[in-house]
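There are 2 protein chains.
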Amino acid sequence: MHLVALEQVRKIKANMEGAEGVYKQIPISKADGTPVFSFRVFTIECGGHTPWHSHPFEHLNYIIEGNGAVVTEDGEHELKKGDFVLMLPGETHQYRNTSVSCPMVMICAVPKEYE
Amino acid sequence: MHLVALEQVRKIKANMEGAEGVYKQIPISKADGTPVFSFRVFTIECGGHTPWHSHPFEHLNYIIEGNGAVVTEDGEHELKKGDFVLMLPGETHQYRNTSVSCPMVMICAVPKEYE
Chain L
781 MHLVALEQVR KIKANMEGAE GVYKQIPISK ADGTPVFSFR VFTIECGGHT PWHSHPFEHL
841 NYIIEGNGAV VTEDGEHELK KGDFVLMLPG ETHQYRNTSV SCPMVMICAV PKEYE
Chain S
781 MHLVALEQVR KIKANMEGAE GVYKQIPISK ADGTPVFSFR VFTIECGGHT PWHSHPFEHL
841 NYIIEGNGAV VTEDGEHELK KGDFVLMLPG ETHQYRNTSV SCPMVMICAV PKEYE
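Chains as they are written, first to last, in the numbering used here: chain L, 781 to 895; chain S, 781 to 895.
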C-alpha cells in the first residue's frame with residue numbers, strides 16, 4: 781500500500797508547450813508501483829490553462845477545488861468542484877481556470893506510460 | 781467527452797458481503813466508454829466499512845471528504861480529506877469510517893471490468 785497526502789507530494793511547474801500557470805504533482809505514480817494508471821494533480825492559477833492539444837490516451841478528471849472550464853471542439857464547458865470528466869483518446873481539449881477564485885485543482889488520471 | 785457532477789450520479793447501497801453503511805456511484809463507467817479504468821465513488825456512513833477482503837486488481841483512492849481509516853495486514857492507517865491511496869492487487873484491506881464527522885466520501889478507481 782502507498783498512502784500520501786497531496787501536500788506531501790513534490791509540485792513542479794508544468795513545462796508543456798502551450799501551458800500557462802500550471803503545476804503538476806503525481807501522488808500515485810509508476811514510481812509507487814501502480815500497475816496500470818497514475819493519478820496526477822494539476823493546479824491551474826487564475827488565467828492559466830493547459831495546452832490545446834490531443835493525444836492517443838484518455839484523461840479521467842475530478843475537480844478537487846475551484847472553477848474553470850474544459851474546452852473541446854464543441855465549445856467551452858463549465859467545470860466546478862465535484863465534477864468528473866472523461867476525455868477520450870484523440871479528443872482535442874484544454875482546461876482553463878476562468879474564475880477569479882483561484883486556483884483550480886484537479887485529478888488527471890492517465891495510463892502510467894504517459895504520467 | 782463525458783462530464784458529470786457527482787450529485788447527478790445514481791447512488792445505490794453497496795450489497796457486497798461484509799459491507800456496512802456503504803453507498804456506491806460510478807461517475808466514469810464502462811457505460812460512458814472509458815477505455816481502461818472506471819472512477820467509482822463510495823460514501824461510507826459513520827461506523828460503516830467496506831469488506832475485509834482482497835482481489836486480483838488494484839484500487840486508486842482519493843479522499844474527497846471526511847475522515848476514517850484504511851486497514852491492512854500492517855494495521856490501521858488514518859485517512860483524511862486530500863489523501864491518496866494505492867492498494868496493490870492481492871493486498872487484504874478494508875476502508876472504515878471511524879469518525880464522528882460523517883460521511884467519508886472517496887474515489888475508488890478500478891479496471892473497468894471490476895467496476
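Glycine included, each C-beta is placed from N, C-alpha and C at the ideal position.
Here the structure is a predicted model, which means the values were calculated and not measured.
Span separating the alpha-carbon of residue i from that of residue j
i, j, result
"GLU858(L)", "TYR875(S)", "33 Å"
"GLY836(L)", "PRO869(L)", "Reading the sequence as shown, one finds Pro at residue 836(L) and not Gly. Going from the Cα of PRO836(L) to the Cα of PRO869(L) covers about 5 Å."
"ASN877(L)", "VAL821(L)", "14 Å"
"LYS810(L)", "ASP863(S)", "18 Å"
"PRO891(S)", "HIS829(S)", "22 Å"
"GLY798(S)", "GLU787(L)", "33 Å"
"LYS887(S)", "VAL816(L)", "According to the sequence shown, residue 887(S) is Ile rather than Lys. Roughly 17 Å between the two C-alpha positions."
"ILE792(L)", "GLY801(L)", "11 Å"
"MET781(S)", "SER834(L)", "12 Å"
"GLU853(S)", "LEU866(S)", "15 Å"
"ILE856(L)", "ASP812(L)", "Here the sequence assigns Glu to residue 856(L), which means Ile is not the residue at that position. For GLU856(L) and ASP812(L), the distance between alpha carbons rounds to 35 Å."
Candidates the options, of which the one nearest residue i by Cα
i, options, result
"TYR905(L)", "THR872(L), HIS839(L), ASP863(L), LYS860(L)", "In the structure as shown, chain L starts at 781 and stops at 895, and residue 905(L) therefore has no counterpart that could be examined."
"THR872(L)", "ALA889(L), ILE792(L), VAL850(L)", "VAL850(L)"
Cβ shell of residue i (< 6 Å), same chain only, five flanking positions each side left out
i, result
"THR823(S)", "TYR803, PRO883, VAL885"
"ALA794(S)", "VAL802, LYS804"
"ALA889(L)", "PHE817, PHE819, LEU840"
"HIS831(S)", "It is worth fixing the name first, because residue 831(S) is Pro in this sequence and not His. Hits under 6 Å: MET796, GLY798, ALA799."
Cut-off 8 Å between Cβ atoms - residues of its own chain near residue i, not counting five sequence neighbours on either side
i, result
"LYS861(S)", "ILE843, ILE844, GLU845, GLY846, ASN847"
"SER879(L)", "CYS826, GLY846, ASN847, GLY848"
Beta-carbon contacts of residue i that lie in its chain and below 7 Å, excluding the five residues immediately before and after
i, result
"PRO807(L)", "VAL784, LEU786, VAL789, PHE819, VAL821"
"THR814(S)", "ILE808, LYS892"
"SER881(L)", "GLY846, ASN847"
- Query: When Cβ atoms are compared, which residues of the segment 782-796 of chain S fall closer than 9 Å to chain L?
  - Reply: Within the segment 782-796 of chain S, the residues whose Cβ lies closer than 9 Å to some Cβ of chain L are HIS782, LEU783, VAL784, ALA785, LEU786, GLU787, VAL789, listed in chain order.
- Please list the residues of the segment 798-818 of chain S that have a C-beta atom closer than 8 Å to any C-beta atom in chain L, keeping them in chain order. Listed by position, the residues of the segment 798-818 of chain S near chain L (Cβ gap below 8 Å) are PRO807, ILE808, ASP812, GLY813, THR814, PRO815, VAL816, PHE817.
- What residues from the segment 854-865 of chain L come within 7 Å of chain S, judged by C-beta to C-beta, listed N to C? Answer set for the segment 854-865 of chain L: HIS857, GLY862, ASP863, PHE864, VAL865.
- Could you please tell me which residues of the segment 874-892 of chain L, in chain order, have their CB closer than 8 Å to any CB of chain S? Listed in sequence order: ILE887, ALA889, PRO891.
- Residue ranges of each beta strand (DSSP E) within the segment 811-849 of chain L, 3 or longer: Unbroken beta strand (DSSP E) runs of no fewer than 3 residues, entirely contained in the segment 811-849 of chain L, are found at 817-829, 839-845, following chain order.
- Message: Please identify, using Cβ separations under 7 Å, the residues of the segment 814-845 of chain L that lie next to chain S, in order along the chain.
- Response: Cβ contacts with chain S come from THR814, PRO815, VAL816, PHE817, PHE819, GLU838, LEU840, TYR842.
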